[in-house]
Amino acid sequence: MNRSPFLRRLMTALARTPAIGIGIASVLLVASLGLAYHNEDQTRFDKVREVEVQARVLAASLAGPLAFDDETATHEYIEALKASPEFDAVGAYRLDGQLVAGFARAGEPLPATSRAGHPIVRGNEIIVAAEVAQGGTRLGSVYVRAATESWARRAGRYLGIAIVLVMACLLVAVLGAFYASVSAANRRLEAEIAGREEAEEALRQAQKMEAMGQLTGGVAHDFNNLLMVASSGLELLERTTDPIRRDRLKDGIRQAIERGAKLTQQLLTFARRSPLSPEVIDVRARILALQDLLERSLREDIHIEFDFADSLWPIEADPSQLDVAILNIAINARDAMPEGGTIRIGAHNYPAGRENKHDMVRLSIRDTGGGIAPELIDKIFEPFFTTKSVGTGTGLGLSQVYGFLRSSGGDIRIESEIGKGTTIFLLFPRSSQSIPRREIREGALSRAGHDATILVAEDDEHVADLVCEMLRELGYKTQRAATAAEALRILEESGPFDVILSDMIMPGKMNGLELAHEIIRREPDLPIVLMTGYSDAATSAATEGFALLVKPYTMEALGEIIGRALRGECRPRQPVDQ
Amino acid sequence: MAHIRVCVGLLALLATTASAPAVAQPIEYAIKASYLYKFAPFVQWPPTAFASPTAPLTICIVGPDPFGKMLDDAVRGQRVNGHPIEIRRIEAVHPGIACNILFAGSEAGNEMLRAMAHEPVLTVTDRSHGGTGGMIQFVTIGGRVRFAVNQAAAEQGGLAISSKLLGLAVSVTR
């Protein structure tokens, strides 16, 4: 909108109250009254001049008749003026002031004597007495009395303008009121839109949580298995002394722990409340990363197969929503196969052709379940439509898929055959951008004799011992603090340190993030690495640009991030306000 | 504008004149005296007729003077185009005489005026007293003093007479 600031301010003011519109209308009214008064004045002035001119013309004509006492001619001239209704009285006077001829139509009669003088305006009358002269010789005078426009005629003249004016004022007032009401409606609409956006955001989160709920059973079951591996492995470890057997048991335990850590990490990432933000995605990599979660959320009797075409085009979509969509469809497929079966997830390029105008990437999820009845196919994407029994499904799953596809500019298609299975096709438009490259992680486990000293702030004694042990193993010297306050004290007394590694959630007045701020205030160049197992804390640290280790982490990850910190690559993105 | 106007209404003053000529005689001359100078504003003299813009306009009475003091009274304080009015009473005329208006009141004047035919002098005669040679001739119609204009004679003398005056004349000779 290209409205000038003044106009915009005016419109805003108009929107606030219709009284301003009425005010403008009143100003308009007063201005036009003033104009009318001025106009009236001007008209009277013009009228006086007009009458003066008429009188002079008459005087010039009467010069001869008055000089040589030709009453007939005098009469004729004066009679000529009688035809005009604007003249109320006209008279011709000799030099000695005596009336020669004249008439008086209305009002007072002609004066008996008259001499030339200035025009007189008296009420509705204009009186002009002009000299009759020839060649500089005064010969007499004429008297002309004319009525200015009557009130009735003047009112008639102004009535038309007045009607137009009143209509204009009315229009301004009505427009003002209308604009005000439209603005109010607009404000309400904007508030509603904002509310709806919030609701949609909440719905997305709810849909995610719904999917999570569907996963939990499988994940918990999987965790039990992992814990089983770990606990029984430890028990067996205590009972055997055979080094080969011990090594194998240790490997088994480590693998179980790694799988558990990966699984919780995926769950945390999945559950994180994140705004919708499309990214360029490699579909294959994204779905393969989801594999563990998928396998664990489905049952053992369900087999998952992947079928990806080579050199898939990238797509542009919100990655976490894509995860949720795949999980939702997979869970539906699982529930459609109570006797077990196969879920086949594939992706192929789908070039522009007869059916689609643009290049697309077609994702397909096929199950070998019972299929969907044709009359239900159109309904399955409706929110809260479910064929599941009460308490087992909300009916939000596929509606999330539908909403996600629509917001990504894609499309969704279903093929289903009763008794054979269902295939759901997700079509995403091809992205013109390329997939951003991930940084290649350096081998961080080398004991390159760093000799650097690291201050570890961690309240949990066991975790602290383990972390310090790992750091020593990596060739660093360590010192430990149990609280933020202790860390600051040690920093002052026993420094200097090369890196500060701090937990984010610690008891005491100061948490890890606040400790980091305080350290930056004191020593801006000292690298800080934060660690946490809590996703919200991780988000706030990441927002401020701190280097972050998410628990549980491996020695490799620890070594890598400490290495980066020592190279000065771990600085907050922006100066911290204190 | 050369049509003849016929008087219908008579002023009381002139009615008296018509009903009692003997008494009215001086009044008739009073009117003629006032007309005599009132002709001046309606007449345009050639520029050479006046020495300066404020030089007097001279009215000459040749021969017997029928106006006497009335003419002097009539012109007192009057000006024509900035010229004060001066009255001269003379016995005879000759070309080049310093007169702007010349009134010859008797029959004898006709002969004298013939010599002035080419002079820029407005000659006025009184037809009721036999004076027929003037550019303007007083006539009495229905007891009222009117005048006839000989425009051709005036043009011969280099004078221009206003159409306003011609319009009031009882007759105009072109």
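Protein chains in written order, with this note's numbering: chain A, 7 to 584; chain B, 273 to 446.
Here a beta-carbon is modelled for each residue, glycine too, at the ideal position from N, C-alpha and C.
Of the residues the options, the one placed nearest residue i, counting alpha carbons only
i               : options                           : result
F552 of chain A : A:D509, A:G162 and A:E85          : A:D509
L68 of chain A  : A:R50, A:F51, A:L87 and A:R55     : A:L87
A491 of chain A : A:A25, A:C474, A:S440 and A:N517  : A:N517
A488 of chain A : A:L255, A:L507 and A:I332         : A:L507
H390 of chain B : B:G377, B:D344, B:S306 and B:P318 : B:P318
A179 of chain A : A:G409, A:I30 and A:L64           : A:I30
T5 of chain A   : A:A153, A:S156, A:L181 and A:L145 : Outside the shown range of chain A, which is 7 to 584, sits residue 5 of chain A, and nothing can be said about it.
L333 of chain A : A:F434, A:I441, A:E241 and A:V407 : A:V407
Y356 of chain A : A:I430, A:R302, A:P435 and A:S326 : A:P435
P502 of chain A : A:D457, A:T538, A:S546 and A:L536 : A:D457
F2 of chain A   : A:S237, A:E216, A:D466 and A:E58  : Residue 2 of chain A falls outside the range modelled here, since chain A spans only 7 to 584, and no answer is possible.
G103 of chain A : A:A112, A:R111, A:L116 and A:A110 : A:L116
L564 of chain A : A:F312, A:M476, A:E550 and A:T549 : A:M476
I439 of chain A : A:R372, A:V286 and A:N362         : A quick correction: the sequence has Gln, not Ile, at residue 439 of chain A. With distances taken between Cα atoms, Q439 of chain A lies closest to A:V286.
G430 of chain B : B:Q316, B:D337, B:D345 and B:G335 : B:Q316
A267 of chain A : A:D465, A:R528, A:L299 and A:T246 : A:L299
V444 of chain B : B:F410, B:I362, B:G415 and B:A387 : B:F410
S413 of chain A : A:E550, A:H523, A:P325 and A:H468 : A:P325
I308 of chain A : A:G347, A:V63, A:T484 and A:S422  : A:G347
L16 of chain A  : A:A186, A:G239 and A:P249         : A:A186
T538 of chain A : A:D466, A:T78 and A:Q485          : A:D466
E206 of chain A : A:L171, A:G409, A:D316 and A:G514 : A:G409
D417 of chain A : A:V469, A:G375 and A:E361         : A:E361
K256 of chain A : A:S238, A:P533 and A:G415         : A:S238
D122 of chain A : A:I349, A:A135 and A:D76          : Per the sequence presented here, residue 122 of chain A reads as Ala, with Asp not at that position. When each option's Cα is compared against that of A122 of chain A, the closest is A:A135.
G113 of chain A : A:A65, A:V473 and A:A95           : A:A95
T459 of chain A : A:T484, A:L472, A:Q211 and A:R372 : A:T484
Residue i, buried or exposed, once every other Cβ within 10 Å from all chains shown has been counted against 16
i               : result
T143 of chain A : buried
A190 of chain A : exposed
F184 of chain A : exposed
A432 of chain B : exposed
L195 of chain A : exposed
Y43 of chain A  : exposed
M7 of chain A   : Below a pLDDT of 50, predicted positions are generally treated as unreliable, and M7 of chain A, at 47, falls in that range; the measurement from the model is reported next regardless. Exposed, because fewer than 16 other Cβ atoms sit within 10 Å of the Cβ of M7 of chain A.
N230 of chain A : exposed
M407 of chain B : buried
G108 of chain A : buried
W319 of chain A : buried
V36 of chain A  : exposed
E300 of chain B : buried
G403 of chain B : buried
G427 of chain A : buried
S400 of chain B : exposed
C371 of chain B : buried
G146 of chain A : buried
Integer-rounded CB distance, given that residue j should sit under 8 angstroms from residue i
i               : j               : result
Y482 of chain A : I351 of chain A : In fact, because the Cβ distance is near 44 angstroms, the residues do not count as touching under 8 angstroms.
A304 of chain A : A342 of chain A : Position check: residue 304 of chain A holds Leu in this sequence, whereas Ala was assumed. Not quite, the Cβ-Cβ distance comes to about 12 angstroms (not below 8 angstroms), so this is no contact.
V347 of chain B : F375 of chain B : About 13 angstroms; that fails the 8 angstroms criterion.
L34 of chain A  : A174 of chain A : 7 angstroms
L461 of chain A : L497 of chain A : 6 angstroms
A544 of chain A : V556 of chain A : 6 angstroms
T154 of chain A : I132 of chain A : 6 angstroms
F311 of chain B : I373 of chain B : 7 angstroms
Check: residue i C-beta below 7 angstroms from any heavy atom of the ligand SAM
i               : result
I337 of chain A : No copy of the ligand SAM appears in this structure; indeed no ligand is present at all.
Output needed in chain order: residues of the region 301-317 of chain B with a Cβ under 9 angstroms from some Cβ in chain A. I303, S306, Y307, Y309, K310, F311, A312, P313, F314, V315 and Q316
Can you give me, in chain order, the residues of the region 106-130 of chain A that have a beta carbon less than 7 angstroms from any beta carbon in chain B? none
Just by C-beta distance, which residues in the region 342-354 of chain B are closer than 7 angstroms to chain A? Q350, R351, V352, N353 and G354
Using a Cβ-Cβ cut-off of less than 7 angstroms, give me the residues of the region 420-444 of chain B that come near chain A, in sequence order. K436, L437, G439 and L440
What ranges does the beta strand (DSSP E) occupy inside the region 340-391 of chain B, keeping only unbroken runs of at least 3 residues that lie completely in it? 355-362 and 373-376
Under 9 angstroms (Cβ pairs) to chain B, residues found in the region 140-151 of chain A: Q140, G141, G142, T143, R144 and L145
Proximal residues, the region 64-75 of chain A versus chain B, C-beta separation under 9 angstroms: A66, S67, A69, G70, P71, A73, F74 and D75
Go through the region 463-521 of chain A residue by residue and report every complete run of the alpha helix (DSSP H) that reaches 4 residues or more, in order. 467-479 and 490-499
Unbroken stretches of the alpha helix (DSSP H), 4 residues or longer, contained in the region 63-128 of chain A: 69-73 and 77-88
In chain order, each beta strand (DSSP E) run of at least 3 residues that lies wholly inside the region 141-190 of chain A: 143-153
Tell me which residues of the region 77-93 of chain A have at least one Cβ-Cβ distance to chain B shorter than 7 angstroms, keeping chain order. E77, T78 and A79
Secondary structure, alpha helix (DSSP H): runs of 4+ residues fully inside the region 254-330 of chain A: 289-295 and 297-303
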